[in-house]
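Q: Going from the sequence shown to the working numbering is simple: count from 1 and add 44.
My questions all concern the structure below.
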Amino acid sequence: MSNLLFAPVESRNRDEKRITSRFFPQGAGAVVNANNVGSGMTFTRGVSAGLFAAVFEEACPGFIGAHISIGHATLVLHARTISIQTDSAGACTGLTSQVYTSAVSATISDVTAAATSWICVEAILLNSRDR
Numbered sequence: 045m046s047n048l049l050f051a052p053v054e055s056r057n058r059d060e061k062r063i064t065s066r067f068f069p070q071g072a073g074a075v076v077n078a079n080n081v082g083s084g085m086t087f088t089r090g091v092s093a094g095l096f097a098a099v100f101e102e103a104c105p106g107f108i109g110a111h112i113s114i115g116h117a118t119l120v121l122h123a124r125t126i127s128i129q130t131d132s133a134g135a136c137t138g139l140t141s142q143v144y145t146s147a148v149s150a151t152i153s154d155v156t157a158a159a160t161s162w163i164c165v166e167a168i169l170l171n172s173r174d175r
């Protein structure tokens, strides 16, 4: 662990929680979650190109949003959250993201398997429905 001092993150949202994890896509192959960096979620590849699902270890009562970033050596790639998964009580259990190659989200792309290819997801959740 770092010897630097870290300040707590402050928020106007009561019980805000952040879960951050990074995974390494395998092109059209399955995600190997044993290689993930971070904790709190696992990933699966969707049924079509460019789709990835993040499944949270625990459901959270509220979902605020997600930041998705992509590392790739040769391509400029973009990502967006396209759906949120919930359980029968309405708590957020995960999200699905889509990767595409241009500002036009219709150009869907898989992320090639390479040591320099990764996708990082930061989910911003609420641990309470209280405001």
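Heads up, the beta-carbon is just placed ideally off N, CA and C, and yes, glycines get one too.
The model shown is predicted, which means the values in this text are computed figures rather than measured ones.
Quick check: what's the CA-CA separation for Met-45 versus Val-81?
A: Because Met-45 carries a pLDDT of 44, less than 50, the predicted location of this residue cannot be relied on, and no value is offered for it.
Q: Assuming Ser-141 contacts Val-165 (C-beta within less than 8 Å), just tell me the rounded distance between them.
A: Correct: roughly 7 Å between the Cβ atoms.
Q: Given Arg-173, which residues of its chain have a CB within under 8 Å of its CB, disregarding the five upstream and five downstream residues?
A: Excluding sequence neighbours, Arg-173 sits near Pro-105, Gly-106.
Q: If you pair each beta-carbon of the region 120 to 138 with each one of the region 84 to 102, do three or more pairs fall below 8 Å?
A: Enough Cβ pairs lie closer than 8 Å, so yes.
Q: Taking C-alpha atoms, which residue in Ser-113, Ile-63, Gly-73, Thr-118 lies nearest to Val-91?
A: The shortest Cα separation from Val-91 among Ser-113, Ile-63, Gly-73, Thr-118 belongs to Gly-73.
Q: To the nearest angstrom, report how far apart Asn-77 and Pro-52 are at their CA atoms.
A: Whole-angstrom Cα-Cα distance: 28 Å.
Q: Among Asp-154, Arg-66, Met-85, Gln-70, which one has its Cα closest to the Cα of Ala-103?
A: Taking only the C-alpha atoms, the option nearest Ala-103 is Met-85.
Q: Taking Lys-61 as the reference, which of Ala-93, Ser-161, Thr-151, Ile-108 has the closest Cα?
A: Nearest C-alpha to Lys-61: Ile-108.
Q: Starting from Glu-60, trace the beta strand (DSSP E) in both directions and tell me its first and last residue.
A: Here the beta strand (DSSP E) through Glu-60 covers 60 to 67.
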